[in-house]
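Right, one structure below, let's go through it.
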Amino acid sequence: MKAFEEILLQENFDKSDILRMLDCTDIEHDMLVNRAGEVRLNSIGNKVHGRALIELSNRCIKDCFYCGIRKSNDSVERYTVDFEHVKSAIDLAVESKIGSIAIQSGEQVGSEFIDYVSEIIKYAKAKDDNLGVTLSCGEHKPDTYKKWFDLGAERYLLRIEVSDEKIYHKFHPDNKMHDFGSRIECLKSIKETGFQTGTGVMIGLPGQGFEDLANDVIFMRDFGIHMCGMGPFLPCDGTPLEGTKSEFDDVFMVSLRMIAVMRLIMNDINIVASTAMETMRKDGRMRAIEAGANIIMPNINPVEHRKKYTLYNKIPSYELDSVDKIMKSCLDTIPVGYELGLEEKGNSRRFLVG
Ligand code: 5AD
14 MKAFEEILLQ ENFDKSDILR MLDCTDIEHD MLVNRAGEVR LNSIGNKVHG
64 RALIELSNRC IKDCFYCGIR KSNDSVERYT VDFEHVKSAI DLAVESKIGS
114 IAIQSGEQVG SEFIDYVSEI IKYAKAKDDN LGVTLSCGEH KPDTYKKWFD
164 LGAERYLLRI EVSDEKIYHK FHPDNKMHDF GSRIECLKSI KETGFQTGTG
214 VMIGLPGQGF EDLANDVIFM RDFGIHMCGM GPFLPCDGTP LEGTKSEFDD
264 VFMVSLRMIA VMRLIMNDIN IVASTAMETM RKDGRMRAIE AGANIIMPNI
314 NPVEHRKKYT LYNKIPSYEL DSVDKIMKSC LDTIPVGYEL GLEEKGNSRR
364 FLVG
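Residue numbers (this note's numbering): 14 to 367.
Here it is as structure tokens:
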């Protein structure tokens with residue numbers, strides 16, 4: 014059998030290598046994370062880039078079993094941030110020199126929503142042509158993706174959530190709106206449109222094992238993603254998965270390993286230190302950066318809205334309503350030896366080199 018050190022130094026990894034890295038001992042975990050940090054510094058340097066996150070709306074047409082803002086969750090008070098508030102959030106992002114915004118929303122497909130996102134992109138680009146715009150607004154028709162891309166949005170994140178069709182069906186209603194094939198088609202369409210394309214999975218869904226996670230990693234590699242956003246599954250009240258437990262007792266550590274493994278396998282992609290990591294542990298984002306993540310997403314939504322964007326049971330929110338607070342939140346997350354990239358889009362190196 015190959016020594017663990019030997020696996021870490023490889024350039025190409027097969028499924029057994031990936032499994033070995035995900036299902037490792039504590040000492041090996043540290044070796045893996047250190048190696049991922051090294052690879053990251055060599056491939057994309059020490060900068061961490063931010064995306065000021067605006068959770069635009071918690072209205073959602075979907076009913077994913079794990080998600081707190083699923084359509085059938087009647088206990089959620091629904092909101093859509095109005096244009097005035099979106100505009101001031103964008104102004105604040107520009108003022109803070111954060112470099113990019115990310116617009117995330119529950120899934121909605123009507124023309125009103127599509128036009129609203131278009132107006133937001135137009136405003137952002139008019140305000141600052143150099144401001145990066147990432148969208149995470151769900152499944153749409155190719156012409157909608159094209160419309161948003163042509164208006165200047167450059168990145169799109171659509172999580173596959175779980176890359177195995179059978180497991181996907183376990184966590185989504187069995188109907189056309191939750192079709193695995195359509196989700197893959199959307200992801201392809203996003204890439205073909207020209208977006209820097211991101212996807213990702215939840216880690217530790219009930220019944221999901223290391224082998225499934227290894228398959229998720231292979232899916233992301235083979236799809237040729239440019240960005241990756243992953244996080245631990247956190248059971249959420251008011252959903253069919255309320256009261257369930259993550260498959261892994263140490264899902265936080267497994268999530269760090271997923272980040273590290275993605276960094277080893279796709280050296281130059283963008284990887285997000287996700288909010289779910291921060292929800293699990295106060296230093297969650299910092300630990301994710303040490304494990305190879307290079308993107309943070311300070312949430313600049315007003316707390317009044319953030320309280321209602323309940324994808325999972327959350328820790329109380331804090332208001333990031335001034336440049337100072339945004340800066341502090343970012344800088345507090347950056348480990349020693351790393352640097353916050355300001356006034357830069359922080360585009361995916363993988364995308365730029367093709
Ligand atoms: N635990 C962790 N992540 C979740 N998401 C939705 N529900 C949960 C949950 N209970 C993630 C999904 C979605 C993203 C916006 O939030 O991956 O794509």
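Where a beta carbon is used, it is the ideal one built from N, C-alpha and C, also for glycine. Predicted model, so just to flag it, every value in this text is computed and none were measured.
Q: Report the residue ranges of all beta strand (DSSP E) runs contained in full by the region 25-79; include only those spanning at least 3 residues, in chain order.
A: 60-63 and 65-70
Q) Taking 7 Å as the cut-off, does the CB of ALA304 come closer than this to any heavy atom belonging to the ligand 5AD? A) Along the sequence shown, read from residue 1 onward, the residue named residue 304 stands at position 291. Not so, every heavy atom of the ligand 5AD lies at least 7 Å from the Cβ.
**Q.** Start-to-end residues for the alpha helix (DSSP H) that takes in GLY194
**A.** Within the sequence shown, numbered from 1, the residue matching residue 194 stands at position 181. GLY194 -> alpha helix (DSSP H) spans 193-206.
Q | Delimiting residues of the alpha helix (DSSP H) encompassing VAL107 | A | Mapped onto the sequence shown, residue 107 falls at position 94. Note, VAL107: alpha helix (DSSP H), 96-108.
Q. So what's ASN7 in DSSP terms, helix, strand or just coil?
A. Lying outside 14 to 367, the shown extent of the chain, residue 7 is not represented and no answer is given.
Q: Put ILE347 into one of helix, strand or coil per three-state DSSP.
A: As a first step, residue 347 is located in the sequence shown; it is residue number 334 there, counting from the start. ILE347 falls in the coil class under three-state DSSP.
(Q) At the level of alpha carbons, what is the spacing between ASP141 and GLY123? (A) Walking along the sequence shown from the start, residue 141 turns up at place 128. Walking along the sequence shown from the start, residue 123 turns up at place 110. Cα to Cα, ASP141 sits roughly 28 Å from GLY123.
Q. Does DSSP put ALA115 in a helix, in a strand, or in coil?
A. The count along the sequence shown starts at 1 and reaches residue 115 at position 102. In this structure, ALA115 counts as strand in the three-state DSSP scheme.
Q: Flag TYR325 as yes when its Cβ comes closer than 7 Å to any non-hydrogen atom of the ligand 5AD, and as no otherwise.
A: The residue you call residue 325 lines up with position 312 of the sequence shown. It does: the Cβ of TYR325 is within 7 Å (strictly closer) of some heavy atom of the ligand 5AD.
(Q) Three Cβ pairs or more, each shorter than 8 Å: is that satisfied between the region 81-89 and the region 34-42? (A) no
**Q.** Host alpha helix (DSSP H) of VAL146 (start-end)
**A.** Within the sequence shown, residue 146 is the residue found at index 133, counting from 1. For VAL146, no alpha helix (DSSP H) run applies; the uninterrupted beta strand (DSSP E) run containing it begins and ends at 145-149, by DSSP.
Q. Apart from the five residues on each side of it in sequence, which residues of its chain come closer than 7 Å, Cβ to Cβ, to HIS185?
A. Indexing the sequence shown from 1 puts residue 185 at position 172. Closer than 7 Å at the Cβ level, and outside the excluded window around HIS185, lie CYS77, PHE78 and HIS191.
Q. Going by DSSP, which residues form a beta bridge with ILE284?
A. The residue given as residue 284 occupies position 271 in the sequence shown. ILE284 pairs with CYS241.
**Q.** LEU148 and ALA137 closer than 8 Å at C-beta
**A.** Residue numbering aside, residue 148 sits at position 135 when the sequence shown is read from its first letter. Residue numbering aside, residue 137 sits at position 124 when the sequence shown is read from its first letter. No; because the gap between Cβ atoms is not below 8 Å, this pair is not in contact.
Q. Can you tell which of ASN59, MET293 and ASP334 has the C-alpha that lies nearest to the C-alpha of GLY354?
A. Taking the first residue of the sequence shown as 1, we reach residue 354 at position 341. The candidate whose alpha carbon is nearest that of GLY354 is ASN59.
Q) What residues in its chain sit with their C-beta under 7 Å from that of GLY242, if we drop five residues either side in the sequence? A) For the purposes of this step, residue 242 is taken as the residue at position 229 of the sequence shown. Excluding positions up to five away in sequence, the list reads LEU170, ARG172, GLY211, GLY213, VAL285 and SER287.
(Q) Looking only at its chain, what residues have a beta carbon closer than 6 Å to the beta carbon of GLU352, apart from the 5 residues adjacent to it on each side? (A) Along the sequence shown, one-based indexing puts residue 352 at 339. Counting only Cβ-Cβ distances below 6 Å, and skipping sequence neighbours, we find ASN59 and LYS60.
Q.
Buried or exposed for ASN228, going by 16 or more other Cβ atoms inside 10 Å?
A. Locating residue 228 in the sequence shown gives position 215, where the first residue counts as 1. The residue is buried, with at least 16 neighbouring Cβ atoms inside 10 Å.
Q.
Could you check whether the Cβ of LEU269 sits closer than 7 Å to any heavy atom belonging to the ligand 5AD?
A. For the purposes of this step, residue 269 is taken as residue 256 along the sequence shown, with counting starting at 1. Not one heavy atom of the ligand 5AD is found less than 7 Å from the C-beta of LEU269.
Q.
Let me check understanding here. Comparing Cα to Cα, which of GLY251, GLU90, GLU303 and PHE265 lies closest to GLU317?
A. Start at 1 with the first residue of the sequence shown, and residue 317 comes out as number 304. Taking only the C-alpha atoms, the option nearest GLU317 is GLU90.
(Q) For the structure I just gave you, are there three or more beta carbon pairs, one from the region 272-281 and one from the region 43-54, closer than 8 Å? (A) These segments touch.
Q. To the nearest whole angstrom, what separates the beta carbons of TYR325 and ALA289, a pair I think is in contact under 8 Å?
A. Along the sequence shown, read from residue 1 onward, the residue named residue 325 stands at position 312. Along the sequence shown, read from residue 1 onward, the residue named residue 289 stands at position 276. Going by Cβ atoms, the distance from TYR325 to ALA289 rounds to 7 Å, so yes, they are a contact pair.
Q. Using DSSP with H/G/I as helix, E/B as strand and the rest coil, what is ILE302?
A. Counting from one through the sequence shown, the residue named residue 302 turns up at place 289. Here ILE302 sits in helix by DSSP.
Q. Is it buried or exposed for SER259, if we count other Cβ within 10 angstroms and need 16 for buried?
A. On the sequence shown, residue 259 is found 246 positions in, with the first residue counted as 1. The residue is buried, with at least 16 neighbouring Cβ atoms inside 10 Å.
Q. Based on Cα-Cα distance, which residue from SER70, ILE238 and GLU303 lies nearest to MET266?
A. Against the sequence shown, residue 266 aligns to sequence position 253. The shortest Cα separation from MET266 among SER70, ILE238 and GLU303 belongs to GLU303.
Q. Relative to the alpha-carbon of ILE347, which residue among GLU167, ILE74, LYS358 and ARG298 has its alpha-carbon at the smallest distance?
A. The sequence position of residue 347 within the sequence shown is 334, counting from 1. Nearest C-alpha to ILE347: ARG298.
**Q.** Per-residue burial, ASN71 [other beta carbons within 10 Å of its own, 16 or more giving buried]
**A.** Working through the sequence shown from its first residue, we reach residue 71 at position 58. Classification of ASN71: buried, given that the 10 Å Cβ count is 16 or more.
Q. Contact between the region 192-208 and the region 149-163: three or more CB pairs below 8 Å?
A. Counting C-beta pairs with one atom in each stretch, the region 192-208 and the region 149-163 have three or more that are closer than 8 Å, which means they touch.
(Q) Suppose you measure from the CA of TYR129 to the CA of VAL336; what does that come to, to the nearest Å? (A) Position 116 of the sequence shown, counted from the start, is the residue given in the question as residue 129. Position 323 of the sequence shown, counted from the start, is the residue given in the question as residue 336. C-alpha separation (whole angstroms): 26 Å.
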